[in-house]
Amino acid sequence: MPRRITHPPPKLGIWLLEAVLSPRHDALIGDIEEEYADTLTSGKRGLANLRFFAQVIRTVPPIIINDFLWENRMFRNYLLVAVRNIRKHKGFSTVNIVGLALSMSVALLILTFIRDQGSFDSFHPNADRIYRITSQVNQPMAKYHMATSPAPLGPELVQQHSGVEAVVRMRRTGGILLHEGRSASFRGVFAEPTFFDFFAFPLRWGESSSALKNPFSIVLSYDLAQLLFGTKNPVGQIIQFQDSGDYQVTGVLDPLPSNTHLRVKAVVSFSTLPSLDQENAYWSLDSWIDNSQFYNYILLLPDTLPADVEDVAAALTGPHQVNDQYEPPKYRLQNVANVNLGKDLSNQIVSVMSREGAIAFSIMAIILMITAIFNYVSLSISRSLKRAKEIGIRKVVGAHRGQIIRQLMSESVLLSLLALVVAVALFFWLVPQFNALSFISRKGSTLELSTVVDPMLVLYFVLFAILVGLLAGLYPALSMSRFRPVHILKGVSRIGGFKRITLRKSLIVFQFSLSIIAVLNTITIFRQATMVMNADYGFDQEQLVQIRLSGIDYDLFKEEIMRIPGVTQVAAASSLPAGSSTTSTDIQTDEMAEPALIQHIAIDEQFIDQYRLETIAGRVFSPDNAKNDDHSLLLTESSLRYLGFDGPLDAIGTFLKFDTYTEEEPFEIVGIVSNIYARGFGNGYVPLALSRNPALIQHAIVRVAPASVQETLSAVEKTWIKISPSIPFSYAFFDDALRSRNEGLRDSIRMTGMFATLILIIACLGLLGMASYTTETRLNEIGIRKVLGADVRSVITLLSREYLNLIGIAVIIGTPIAYFLLDMALRNFANRIDLGPGLLLTGILPIVLIALATIGSQTFKAALTNPVETIHQE
């Protein structure tokens, strides 16, 4: 019986001993306590304390070193046993490595992508204090969340709020630059001189302090400067910006980093704007109601709260509301580092990746990893049947539960690291495929392999694999380490953990339900995309060529190409029906309390005939009424209800406000024409207003004879070069342009198809593990049944029935969930496919057949086993 310690040693020493020594050294700690008590009875407490700490210092280091060496030897032993087990069970190891590698490769790709996207604009010196002012404007028909805000707002905040240190304003621009016979198209911004104070974009040539000071100054990107000037320094040179005049090159940017939302090709001085023709460029630097043109970036002083600045912004814009019935715009401050992966806003300077998109990617990666981990658990538990006696014997000879857990966890981590090697190889194959997706390449979000491979990312990959291994091996290690040797050695069927497989059955149902949802989603997207891409747009699409005018004289161009024999008809428009860009303009009848936005296309007199639109009521534009038609409107049928008209005749002759930013005179509705898919087939017949405004014309629509397409286009190009030799000629057939616009749907098919395939493969691997478990535990029963006369068919039916029930439950659960989700998604399409029984069966039947084949691979083998062998072994 241990002696009671009446005078315990100092608490600090005891805490130190318990903290650094493992529980197996409790007896040593007790001996030290007793020695302290003996010393205290024969001397002073100070001497006893001194001897106690001396004993601690003398005893603890050797024990720690010995434990470390022992654990190190044990760790090497764990790895050695793990390697032997992986080599011994090649089939099990291969299935697990493949399942983990497939999921990990996609997860690593998404992890790398999110990490890259999250680094956007964090490199600016004051990134934590730079904010962009965004707007939320409420219209009668919709709410608009925009990256833009009124032009006067930024400078006024600097004056009215002491926490706002500086502002830089920008506005988008673009077009074609010309210099000595060379031309280059670009997209850029007008920006104030403080642009280079806010953003860390160094100049290769020029002075950043003065580059944007004077009107008609332009700073070029390095690649744009090379296109126009070659390798020489162009600072001081004069270039022409289409029809807006001559500009002086005042600087050339170093190549911009890819992780910025300001990926512009040129920066033009903001002071140029007041000098430009106001009639052709309708912006207002003084307008408080125009929220769609300008960008305000402000620099806050340290400790300034963005919410306080938002309140001041709301107060400043309130007095400038022209209509008390309008709901005032709301303004929010968005940190520059959160523009990418931030709120999905319209009017972005360039396309960015939204937060919702990043979340969707992350959910995909999480689902894949969870399913792979579930499979590992299922397969590990089934394989543990073969290792149960090994674990029992190890426990009999003295292994404690912690050692068993460490052994099994080390195997899981090693398997995960091997899967990482395969996953990395797949990862490098996936990166180019991922970059080829149109929504990635258009947004400038491509992953560069040169920037992907860095030490920190390699460390993240390894840590990720270790984490996956720990998560995957945790449940099997805890479960198998609880085995009691007496039960193991008597028989696996006595182990309680193998009787309760409800969790694993639930995982199978979950995985196959998810597979059904994913496969049905892929089939639905494919059919919807096929419907959209092969739709009849209501007019003759054949040999319809779209040519961007790029500022050349349309009337002269039309006159010249109409002389070409292969050109049958020419029309003009400001934007293209079903094109990638659209324009909306405010419109308001006397019956409407507030204006609404309506899609608007400026056309010429031939447009209606070119697109085969029918005149429902009134008249259409004609050269004879050109002067009167300057303030006339044509509406499509779908616009009537939108504007509150009872019918076509009710609208004819009505005067209304239209395009109030530039027009003060009312417009008259002179005609109603048939509907057109102005925003694509998927969006249906949207309300559309057609006006005659030659100043807004940007595209020529040319129909060519089918017999001589290439000869005709060559002649059109020669005519273009004769009229404007410095501006490049570009064209696209309507069908090709439509196909390009629908690339996003193709991307969705590729992504969802890959996701569905991976989910299904992983689910089948899990089913394989469960089938293996069942046949392993019932071999003796199967042998007895065969001795008593059971045939192969009855044995297969017996073993498969349980899994058929699981697949049936998955169908019952997954089908209605898939139907609900797909029905919600298809509501975004005005024209949609029917989610009928045929589509559902098309998605469910292949999954059931694949599952049956997976089950059959195990049950058929078990049914053919010689009963003499199984009964003899038992």
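The sequence shown maps to residues 0 to 873 in numbering that gives the first Met the number 0. Cβ coordinates follow ideal geometry from the N, Cα and C atoms, glycine included.
* **residue 557 - DSSP class collapsed to helix/strand/coil** => Here residue 557 refers to the residue found at position 558 when the sequence shown is read from its first residue. Of the three classes helix, strand and coil, the one that applies to residue 557 here is helix, per DSSP.
* **Sub-9 Å separation of residue 291 and residue 147 beta-carbons** => Numbered from 1 along the sequence shown, position 292 holds the residue referred to as residue 291. Numbered from 1 along the sequence shown, position 148 holds the residue referred to as residue 147. Against a cut-off of 9 Å, the Cβ pair of residue 147 and residue 291 comes out as a contact.
* To do: Let me know the secondary structure DSSP gives residue 854 once reduced to three states.
  => Taking the first residue of the sequence shown as position 1, residue 854 is located at position 855. Here residue 854 sits in helix by DSSP.
* To do: Pull up the CB-CB distance for residue 765 and residue 516, whole angstroms please, since I reckon it's below 8 Å.
  => Taking the first residue of the sequence shown as position 1, residue 765 is located at position 766. Taking the first residue of the sequence shown as position 1, residue 516 is located at position 517. 16 Å between Cβ atoms; not a contact.
* To do: Tell me, please, whether the segment 711 to 727 touches the segment 553 to 565 by the rule of three or more beta-carbon pairs shorter than 8 Å.
  => Touching, yes, given that three or more Cβ pairs across the two stretches are closer than 8 Å.
* Does the segment 295 to 303 touch the segment 248 to 261, meaning 3 or more C-beta pairs lie closer than 8 Å? -> By the C-beta criterion, the segment 248 to 261 is judged not to be in contact with the segment 295 to 303, since fewer than 3 inter-stretch pairs fall below 8 Å.
* To do: Mark residue 570 as exposed unless 16 or more other C-beta atoms lie within 10 angstroms of its C-beta, in which case mark it buried.
  => For the purposes of this step, residue 570 is taken as residue 571 along the sequence shown, with counting starting at 1. The C-beta of residue 570 has 16 or more other C-beta atoms within 10 Å across all chains shown, which makes the residue buried.
* Asked: Should the segment 335 to 347 be regarded as contacting the segment 121 to 138, the criterion being three or more beta carbon pairs within less than 8 Å?
  -> Between the segment 335 to 347 and the segment 121 to 138, the count of C-beta pairs closer than 8 Å reaches three or more; the two stretches touch.
* Hey, residue 809 and residue 508: beta-carbon distance below 9 Å or not? -> Along the sequence shown, read from residue 1 onward, the residue named residue 809 stands at position 810. Along the sequence shown, read from residue 1 onward, the residue named residue 508 stands at position 509. Between residue 809 and residue 508, the gap from beta carbon to beta carbon is short of 9 Å.
* Candidates 632, 652, 555, of which the one nearest residue 699 by Cα -> Reading the sequence shown from its first residue, position 700 is the one you call residue 699. The shortest C-alpha separation from residue 699 is found at 555.
* Asked: Over what stretch of residues does the alpha helix (DSSP H) that includes residue 703 continue unbroken?
  -> Taking the first residue of the sequence shown as 1, we reach residue 703 at position 704. Here residue 703 belongs to no alpha helix (DSSP H); instead the beta strand (DSSP E) covers 698 to 703.
* Asked: Cβ atoms of residue 669 and residue 615: under 9 Å apart, would you say?
  -> Walking along the sequence shown from the start, residue 615 turns up at place 616. Walking along the sequence shown from the start, residue 669 turns up at place 670. For the pair residue 615 and residue 669, the CB atoms are not nearer than the 9 Å cut-off.
* To do: May I have the straight-line CA-CA distance separating residue 815 from residue 836, to the nearest angstrom?
  => Here the question's residue 815 lines up with position 816 in the sequence shown. Here the question's residue 836 lines up with position 837 in the sequence shown. When rounded, the distance between both Cα atoms is 12 Å.
* To do: State the Cα-Cα distance for the pair residue 636 and residue 136, rounded to the nearest angstrom.
  => The residue given as residue 636 occupies position 637 in the sequence shown. The residue given as residue 136 occupies position 137 in the sequence shown. Cα atoms of residue 636 and residue 136: separation of roughly 27 Å, rounded to the nearest angstrom.
* Straight-line gap, residue 54 to residue 76 (C-alpha atoms, nearest Å) -> Walking along the sequence shown from the start, residue 54 turns up at place 55. Walking along the sequence shown from the start, residue 76 turns up at place 77. Going by the C-alpha atoms only, they are around 33 Å apart.
* Give me the Cβ distance between residue 568 and residue 691, rounded to the nearest whole Å; I'm assuming they're in contact under 8 Å. => Taking the sequence shown and counting its residues from 1, one reaches residue 568 at position 569. Taking the sequence shown and counting its residues from 1, one reaches residue 691 at position 692. Between residue 691 and residue 568 the Cβ distance is about 18 Å, and since that is not below 8 Å, they are no contact.
* To do: Mind the definition here: the segment 402 to 413 touches the segment 455 to 468 only if three or more C-beta pairs lie below 8 Å; say whether that holds.
  => Yes, the segment 402 to 413 is in contact with the segment 455 to 468.
* Asked: Are there three or more Cβ pairs, one per stretch, closer than 8 Å when the segment 263 to 273 is compared with the segment 208 to 217?
  -> Flag = yes, the segment 263 to 273 and the segment 208 to 217 touch.
* Would you kindly work out how many angstroms separate the C-alpha atoms of residue 792 and residue 850, rounded to a whole number? => The residue given as residue 792 occupies position 793 in the sequence shown. The residue given as residue 850 occupies position 851 in the sequence shown. Answer to the nearest angstrom: the Cα atoms are 18 Å apart.
* Asked: Per the contact definition of three or more C-beta pairs closer than 8 Å, is the segment 157 to 173 in contact with the segment 354 to 362?
  -> No: the two stretches stay apart, fewer than three of their Cβ pairs being nearer than 8 Å.
* **Of the residues 432, 464, 551, 455, the one placed nearest residue 726, counting alpha carbons only** => In the sequence shown, counting from the first residue as 1, residue 726 sits at position 727. Of the listed residues, the one whose Cα sits closest to residue 726 is 551.
* Helix, strand or coil: how does DSSP classify residue 197 here? -> Here residue 197 corresponds to residue number 198 of the sequence shown, with the count starting at 1. Under the three-state reduction of DSSP output, residue 197 falls in the helix class.
* Could you work out which residue in 274, 730, 439 is closest to residue 545 when comparing CA atoms only? => Taking the first residue of the sequence shown as position 1, residue 545 is located at position 546. The alpha carbon of residue 545 has as its nearest neighbour, out of 274, 730, 439, the alpha carbon of 730.
* Check: residue 470 C-beta below 8 Å from any heavy atom of the ligand ADP -> This structure simply doesn't include the ligand ADP, nor any ligand for that matter.
* **Residue range of the unbroken beta strand (DSSP E) whose run includes residue 330** => For the purposes of this step, residue 330 is taken as the residue at position 331 of the sequence shown. Note, residue 330: beta strand (DSSP E), 329 to 334.
* Could you check what DSSP says for residue 123 in three-state terms: helix, strand or coil? => Start at 1 with the first residue of the sequence shown, and residue 123 comes out as number 124. Looking at residue 123 - three-state DSSP - the assignment turns out to be coil, as it is neither helix nor strand.
* Touching by the beta-carbon criterion (3+ pairs, under 8 Å), the segment 372 to 381 and the segment 86 to 97 -> Yes: the two stretches touch, three or more of their Cβ pairs being nearer than 8 Å.
* Among the residues of its own chain, which have a CB less than 6 Å from the CB of residue 175, if the five just before and after it don't count? -> The count along the sequence shown starts at 1 and reaches residue 175 at position 176. Only residues of its own chain outside the window of five on either side were considered, and among them 182, 184, 241, 549, 726 have a CB closer than 6 Å to the CB of residue 175, listed in chain order.
* Among 189, 345, 155, which one has its Cα closest to the Cα of residue 285? -> Position 286 of the sequence shown, counted from the first residue, corresponds to residue 285. Ranking 189, 345, 155 by CA distance to the CA of residue 285 puts 155 first.
* Take the Cβ of residue 44 as the centre, count every other Cβ of all protein chains shown within 10 Å, and call the residue buried at 16 or more, exposed below. => Here residue 44 is taken as the residue at index 45 of the sequence shown, counted from 1. With fewer than 16 Cβ atoms within 10 Å of its Cβ, residue 44 is classed as exposed.
* Collapsed DSSP secondary structure at residue 842 in the structure displayed -> Within the sequence shown, the letter at position 843 stands for residue 842. In the structure shown, residue 842 sits in a helix (DSSP, three-state: H, G or I).
* To do: Classify residue 186 as helix, strand or coil using the three-state DSSP reduction.
  => For the purposes of this step, residue 186 is taken as the residue at position 187 of the sequence shown. Shown here, residue 186 sits in a strand according to DSSP, grouped into three states.
* Looking at the structure shown, is residue 827 part of a helix, part of a strand, or coil, going by DSSP? -> For this step, residue 827 is matched to residue 828 along the sequence shown. Residue state, collapsed to three classes: coil.
* Roughly how many angstroms lie between the CA atoms of residue 843 and residue 750, to the nearest whole one? -> As a first step, residue 843 must be located in the sequence shown, where it is residue number 844. As a first step, residue 750 must be located in the sequence shown, where it is residue number 751. Near 19 Å, if we compare the C-alpha coordinates of residue 750 and residue 843.
* Cβ separation of residue 586 and residue 595, assumed to be a contact under 8 Å, to the nearest whole Å -> The residue given as residue 586 occupies position 587 in the sequence shown. The residue given as residue 595 occupies position 596 in the sequence shown. Indeed, because the Cβ distance is near 6 Å, the residues count as touching under 8 Å.
* According to the neighbour-count rule (16 or more other Cβ atoms, all chains shown, within 10 Å of its Cβ), is residue 739 buried or exposed? -> Reading the sequence shown from its first residue, position 740 is the one you call residue 739. Here residue 739 is exposed, its C-beta having fewer than 16 other C-beta atoms within 10 Å.
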